[in-house]
Amino acid sequence: PSVAVIVVAAGSGLRLGAGGPKAFVGIDRHSMLRHALRGVFEGPVAQVIVVAPADRVGDARTDAVEAAGAHRDLVTVVGGGQTRQDSVRAGLSAVWPDVEIVLVHDAARALTPASVFERVVGAVRSGRDAVVPVLPVVDTIKRVDADAVTAAVDRSALAAAQTPQGFRRDVLDTGYEIAREEYTDDAALVQAAGFSVFTVAGDDRAFKITTPADLERARLLASPVAP
Ligand code: C5P
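Residues 7 to 233, numbered by the UniProt record's numbering, are exactly what the sequence shown covers, in order.
Structural data, given as structure tokens:
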């Protein structure tokens, strides 16, 4: 395939406090990773690279092969790193030679629908170097210094970034070659390397499961994965 999706699932899950790596926490009888991969496999045909904690590569492979069904040949599982950026880098090293578009997706955005993957790939195919799904900011945002509000911020000029973020493969490779510091997401890394980043519409269901309250929301929203 000409598309690869790197699903980063190597985080520790400390903020969730579930006592183990977050991606393997159950939403229902299936893990976050398993749910995330459903969205991936319902999207455009792609090489799917799962980046798992080094000691959970076997579990990740089980989830991935189950989610892949007839597409199991498209699955690669690799061990992750200390930071998310290290984990993406590990995933990038496993991208097949013929791939031209790379998406990077958080397993923690487990309920992201396939339509977001379609939009992101579509925008890169139509010529964008880098594409981020975003939602409008609904809260009123303040700039603060300790407990003092120093400024109001015009939220109409802001957007909340989600994943999957999509890139021309050479753009993402160049970004990672150049990067010498930690960035909050891959779009920021690529932008720092001098590329332009564009947006497409995100989706409420692509929220990141970070806290116990997020997990509760995911449990209410999840439709069961077919056996
Ligand atoms: O911690 P947070 O939810 O922001 O992490 C975003 C995504 O990055 C998660 O899916 C997590 O598994 C992944 N990650 C990773 N390797 C790390 C840290 C985070 O793959 N070292």
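Cβ atoms here follow ideal geometry from the backbone N, Cα and C, with glycine treated the same way.
- Under a 10 Å Cβ-count criterion, Thr-146 is classified as exposed, with fewer than 16 other Cβ atoms of the shown protein chains found around its own Cβ.
- Straight-line spacing of the CA atoms in Asp-104 and Ser-8 works out to 6 Å.
- Rounded to whole angstroms, the separation of the alpha carbons of Asp-220 and Val-31 is 12 Å.
- Excluding the 5 residues flanking it on each side, Arg-134 has same chain C-beta neighbours closer than 6 Å at Phe-204, in chain order.
- Relative to the non-hydrogen atoms of the ligand C5P, the Cβ of Asp-192 never comes closer than 7 Å to any of them.
- With respect to the 8 Å criterion, Asp-69 and Leu-43 are classified as neighbours on the basis of their beta carbons.
- For His-36, no alpha helix (DSSP H) run applies, since DSSP gives it neither H nor E.
- Under the DSSP definition of a beta bridge, Lys-148 partners with Ala-158.
- Inter-segment contact for the segment 51-65 and the segment 16-36 is present: three or more beta-carbon pairs are separated by less than 8 Å.
- Looking at the backbone, the Cα of Ala-58 and that of His-111 are separated by about 13 Å.
- Between Ser-121 and the set Gly-208, Ala-73 and Ser-162, the nearest pair of CA atoms involves Gly-208.
- Distances from the alpha-carbon of Arg-175 to those of Ile-215, Val-137, Gly-45 and Val-159 put Val-137 closest.
- Here the segment 91-101 lies against the segment 176-194, with 3 or more beta-carbon pairs under 8 Å apart.
- Its chain contains Leu-43, Phe-47, Val-54, Leu-80 and Val-81 as the residues whose beta carbon lies nearer than 8 Å to that of Ala-74, once the 5 sequence neighbours on both sides are disregarded; these appear in chain order.
- Distance check between Pro-218 and each of Val-13, Val-83, Val-11 and Gly-19 places Gly-19 closest, using alpha-carbon atoms only.
- Apart from sequence neighbours up to five positions away, the residues of its chain that approach Ala-116 with a beta-carbon distance below 7 Å are Ile-33, Met-38, His-41, Ala-42, Ile-215 and Ala-224, ordered along the chain.
- In this structure, the beta-carbon distance from Leu-109 to Gly-172 falls below 8 Å.
- Between Ala-166 and Val-143, the CB-CB gap stays under 8 Å.
- Separation of Phe-213 and Val-11 (C-alpha to C-alpha, rounded to the nearest whole angstrom) is 18 Å.
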